[in-house]
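Residue numbers (the numbering used here): 2 to 524.
Pasting the structure below:
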């Protein structure tokens with residue numbers, strides 16, 4: 002698939018020609034057609050221009066999923082302004098770093114979330130943020146507070162501007178900055194372009210055979226590729242509908258599924274696990290679902306087997322992708338065997354290429370050997386922005402170094418082995434937590450599991466696995482260790498189990514292993 006020669010704004014215009022007044026975005030009782038989004042985005046672009054924003058500037062978007070977020074996104078795209086994606090789960094230090102690092106000139110923000118006041122926070126941090134001078138208020142609030150250090154502009158006022166003219170952006174322009182989770186050191190700002198986002202979205206459409214009849218419930222956050230590319234961009238390209246759900250809540254998502262009967266379901270494994278658990282006893286008709294795909298972290302075969310049983314009408318697929326690939330770059334093929342579905346992540350999509358390299362030298366490894374997964378082509382970004390712009394994340398030839406371990410067989414099918422930093426060496430043997438987690442997750446009383454390596458004076462490192470039991474379960478450490486001993490090599494059997502009622506999660510809904518490592522280091 003060739004690199005896109007149009008911008009996201011031009012892609013929206015093309016969708017208007019094909020789909021016009023058909024609904025594109027749904028939210029609660031609201032809907033917005035392709036044409037209405039295009040018109041609102043033109044007004045938003047004019048409003049942003051009136052604020053002084055120009056091509057090459059950056060604007061932060063901080064909100065739960067909502068139609069207004071998408072309007073401002075496409076308004077910024079029309080103006081050639083890049084969006085810096087921000088999560089309502091971020092706090093002072095994280096948001097201040099992003100604003101400084103990306104030189105953000107304005108932030109569109111909600112007022113509060115879960116008791117945290119973002120307006121007060123930005124006012125308080127204003128002296129430390131020299132580029133930030135204006136806030137756009139998504140929610141109703143007094144924009145004229147006395148002596149407020151930042152100018153406040155209501156979203157409704159922004160959209161009163163006369164529609165802007167021609168698209169100011171080029172396909173290779175920066176469209177979005179998504180900061181990685183920062184599991185090692187400061188987070189890095191991946192620079193997604195118009196071309197990379199469209200390449201990823203179109204490859205997904207082509208692979209999944211998406212079209213205007215498809216509809217996707219979207220609780221994945223728009224500040225992540227799981228929301229913006231897998232949801233908005235892909236369905237813009239295919240002409241389907243996206244049901245925006247503010248944030249993931251299993252019962253609310255199930256209620257929307259019951260009401261709207263979507264054809265496509267997607268989520269990270271924790272989301273899918275909770276949907277299955279909460280759907281027990283609910284009268285949910287999944288018969289209209291034709292594809293269920295799961296990604297974002299390791300998808301174990303126990304979860305896939307449960308999805309298979311609960312939604313027999315659907316084709317199951319796993320997806321692998323990163324912020325640096327603008328979305329999914331590996332998906333289960335349509336003709337995959339059940340064995341491949343359960344044990345591999347699939348093949349590259351679009352024009353993406355994969356190779357496996359030695360972690361130290363970068364030399365390409367032969368089929369069947371475990372090394373670092375590297376990709377180029379479809380959706381791979383040109384690099385990072387801000388302080389990380391000079392970070393060497395690429396091998397010569399444009400190969401992205403993912404930091405993930407895997408192997409590719411003679412057919413080109415990829416088996417994922419986990420993050421390179423997750424691997425630990427116990428008594429001289431390499432242990433990949435993803436493999437052990439998958440096995441533990443098959444236990445009928447285990448809901449979620451996450452493993453890390455911790456120091457040991459004798460073996461160097463040993464495995465510690467954090468487990469959330471299913472409601473009412475009584476499984477203990479001895480039982481889980483015996484379970485693992487039945488199916489894993491002795492050096493892979495965890496030496497420690499820690500049972501928890503909850504685990505830390507990233508804003509994208511994945512278990513945050515960095516927090517577990519930090520907790521362990523503090524101890």
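For glycine and all other residues, C-beta sits at the position ideal for the given N, C-alpha and C.
Cβ pair residue i, residue j closer than 8 Å
| i | j | result |
| --- | --- | --- |
| residue 529 | residue 343 | The chain is shown only over 2 to 524; residue 529 falls outside these bounds and no answer can be derived. |
| residue 461 | residue 428 | yes |
| residue 468 | residue 498 | yes |
| residue 21 | residue 34 | yes |
| residue 287 | residue 265 | no |
| residue 307 | residue 277 | yes |
| residue 492 | residue 417 | no |
| residue 425 | residue 464 | yes |
| residue 438 | residue 299 | yes |
| residue 542 | residue 296 | With the chain represented from 2 up to 524, any question about residue 542 goes unanswered, as that position is not in the structure. |
| residue 176 | residue 84 | yes |
| residue 447 | residue 494 | no |
| residue 81 | residue 384 | no |
| residue 327 | residue 211 | no |
| residue 181 | residue 139 | no |
| residue 508 | residue 88 | yes |
| residue 293 | residue 255 | no |
| residue 414 | residue 345 | yes |
| residue 194 | residue 168 | no |
| residue 410 | residue 368 | yes |
| residue 396 | residue 390 | no |
| residue 290 | residue 310 | no |
| residue 258 | residue 231 | no |
| residue 100 | residue 26 | no |
Classification of residue i by the beta-carbon crowding that lies within 10 angstroms, buried from 16 upward
| i | result |
| --- | --- |
| residue 183 | Bear in mind that a pLDDT of 47 at residue 183, under 50, signals an unreliable position, so the number given afterwards is only what the model happens to contain. It is exposed - the Cβ of residue 183 has fewer than 16 other Cβ atoms within 10 Å. |
| residue 519 | exposed |
| residue 196 | buried |
| residue 250 | exposed |
| residue 185 | The pLDDT assigned to residue 185 is 43, lower than 50, so where the model puts this residue is not dependable; a value taken from the coordinates is nonetheless given after this. Counting Cβ neighbours within 10 Å, residue 185 comes out exposed, since fewer than 16 surround it. |
| residue 201 | buried |
| residue 398 | exposed |
| residue 10 | buried |
| residue 125 | exposed |
| residue 283 | exposed |
| residue 510 | buried |
| residue 347 | buried |
| residue 219 | buried |
| residue 116 | exposed |
| residue 188 | buried |
| residue 378 | buried |
| residue 224 | buried |
| residue 93 | exposed |
| residue 57 | exposed |
| residue 486 | exposed |
| residue 333 | buried |
Contact belief for residue i with residue j at Cβ below 8 Å, rounded distance in angstroms
| i | j | result |
| --- | --- | --- |
| residue 13 | residue 39 | 5 Å |
| residue 324 | residue 226 | 6 Å |
| residue 134 | residue 151 | 6 Å |
| residue 240 | residue 16 | 6 Å |
| residue 271 | residue 517 | The Cβ separation is near 15 Å, so there is no contact. |
| residue 172 | residue 8 | 6 Å |
| residue 423 | residue 514 | 7 Å |
Does the segment 39-51 come close enough to the segment 72-88 to have 3 or more Cβ pairs within less than 8 Å? yes
Tell me the start and end of each unbroken alpha helix (DSSP H) in the segment 276-305 that is at least 4 residues and wholly inside, in chain order. none
Whole alpha helix (DSSP H) runs in the segment 164-212 with 4 or more residues, listed along the chain? 195-209
Please determine if the segment 351-359 and the segment 367-383 are in contact, where contact requires at least 3 C-beta pairs separated by less than 8 Å. yes
Would you list, in sequence order, the uninterrupted beta strand (DSSP E) runs of no fewer than 3 residues that lie entirely inside the segment 300-381? 316-323, 328-332, 354-358, 372-377
Are three or more beta carbon pairs between the segment 52-66 and the segment 239-253 nearer than 8 Å? yes
Determine contact between the segment 27-44 and the segment 104-120, defined as no fewer than three beta-carbon pairs at a distance below 8 Å. no
Quick check: the segment 125-132 against the segment 203-219, are there 3 or more CB pairs under 8 Å? no
I'd like the ranges of any alpha helix (DSSP H) spanning at least 4 consecutive residues and lying wholly in the segment 476-519. 478-488
In chain order, each beta strand (DSSP E) run of at least 3 residues that lies wholly inside the segment 33-96: 59-63, 83-87
Length-filtered (4 minimum) alpha helix (DSSP H) runs lying within the segment 225-277: 235-239, 251-261
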